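Heads up: the sequence shown runs through residues 1 to 212, numbered per full-length UniProt numbering.
The structure appears right after this line, and notes come after that.
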Amino acid sequence: MAITAAVAIKEWRKNNKLICNVKLKYKKVLRRCREIPLAGGKYREYRALCDKYVCARLTGATEGLVSFQDKPFKAYLNKKLSKRTKLDIAYGSLIFMEKTFSAAIMPQLYNVTEFGLTVATVPLKNGTSIDVKLLASPFQEEGELMLLMLLDNRRIYSLCFSCTADGRAYIGGIQGGKDVTGDEIKVLTKELYGIRPKNLIITLLYGFFTAL
Numbered sequence: 001m002a003i004t005a006a007v008a009i010k011e012w013r014k015n016n017k018l019i020c021n022v023k024l025k026y027k028k029v030l031r032r033c034r035e036i037p038l039a040g041g042k043y044r045e046y047r048a049l050c051d052k053y054v055c056a057r058l059t060g061a062t063e064g065l066v067s068f069q070d071k072p073f074k075a076y077l078n079k080k081l082s083k084r085t086k087l088d089i090a091y092g093s094l095i096f097m098e099k100t101f102s103a104a105i106m107p108q109l110y111n112v113t114e115f116g117l118t119v120a121t122v123p124l125k126n127g128t129s130i131d132v133k134l135l136a137s138p139f140q141e142e143g144e145l146m147l148l149m150l151l152d153n154r155r156i157y158s159l160c161f162s163c164t165a166d167g168r169a170y171i172g173g174i175q176g177g178k179d180v181t182g183d184e185i186k187v188l189t190k191e192l193y194g195i196r197p198k199n200l201i202i203t204l205l206y207g208f209f210t211a212l
């Protein structure tokens, strides 16, 4: 009975217009307070670019992704970064994304359900191959982009990163697939002629940078 009442109260609060308006005004005030340390021309320009650029609009429209507007105020790459440093990186990454990928490619990167865009295939000794995907990172706090290695649609390794227009690169996270065992990784290493999958994905990242 108590649980039912708690659920009912929660739903009432969720649908109450007065409470919703108060929460909205509070969030706006809180956002303005957070923006104070970033006051200046660069932040104004950044906000304008967020409204203008396709990649920023796609990021904001894709469920589960942190919008570019929120990046300076959210966990981003390293929890020790200041808001101004996060703004600087996000600003550079925003420009990089918009200038690097064409209008035709951009929507494919944000097609997360299809794992983005296939950028390479890596042949194995047994005749099969690893698909290498580039997509908008589902973990935006670790970077805007993700390189993903798939074998039979199973994630082998993924790497999240950010690039800026002035040539900087930041790796926010790298991890193996949860549905691949350690023994399978050992077998895969043999199929890759002794190259470890983790080393391979880092090499692929360097290849991506070189191709830019």
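Built from N, CA and C at the ideal position, the CB exists for glycine as well.
Note that the structure is a prediction, hence the values are computed from the model and not measured.
Query raised in the report: Of the residues I171, T121, T189 and G167, which one's Cα is nearest the Cα of S137?
Result: Comparing Cα positions, the closest option is I171.
State yes or no: is the beta carbon of G172 nearer than 8 Å to at least one beta carbon in chain B?
Note that chain B does not occur in the displayed structure, where there is just one protein chain.
### Query
Between the C-alpha atoms of L135 and C160, what's the straight-line distance to the nearest angstrom?
10 Å
Euclidean distance between Cα positions of Y91 and R84 = Distance between the alpha carbons of Y91 and R84: 10 Å.
Please report the Cβ distance between V112 and V132, rounded to the nearest whole angstrom; I am assuming they are in contact, meaning their Cβ atoms lie under 8 Å.
That belief does not hold up - the Cβ atoms of V112 and V132 are roughly 16 Å apart, past 8 Å.
Nearest by alpha-carbon distance to I95: which of D51, K74, E63 and K190 is it? Out of D51, K74, E63 and K190, D51 has the C-alpha closest to the C-alpha of I95.
Quick check on the DSSP output: the alpha helix (DSSP H) that includes R84 runs from which residue to which?
First-last of the alpha helix (DSSP H) with R84: K83 to T100.
**Study point:** Under 8 Å between C-beta atoms of R155 and L148
**Key:** yes
My output table needs one value for K80: the three-state DSSP class, helix, strand or coil.
coil
Check: My guess is that V180 and M106 are in contact by the Cβ rule of under 8 Å, so how many angstroms apart are they, rounded?
Finding: The Cβ separation is near 30 Å, so there is no contact.
query: Quick one: Cα of A56 to Cα of Y206, how far?
result: 25 Å
Check: Under the rule that 16 or more other beta-carbon atoms within 10 Å means buried, what is K28, buried or exposed?
Finding: Confidence at K28 is low in this model, with a pLDDT of 43, below 50, so the placement of that residue should be treated as unreliable; the coordinate-derived value is given next. Exposed is the call here.
Measuring alpha carbon to alpha carbon, tell me which of I201, K190 and T164 ends up nearest G176. The closest CA to that of G176, considering only I201, K190 and T164, is found on I201.
Take S129 and list the residues in its own chain whose beta-carbon comes closer than 7 Å to its own, dropping the five residues that flank it on each side. T121, V122 and P123
If we ignore side chains and look at the alpha-carbon of each, how far apart do A48 and G41 end up? 11 Å
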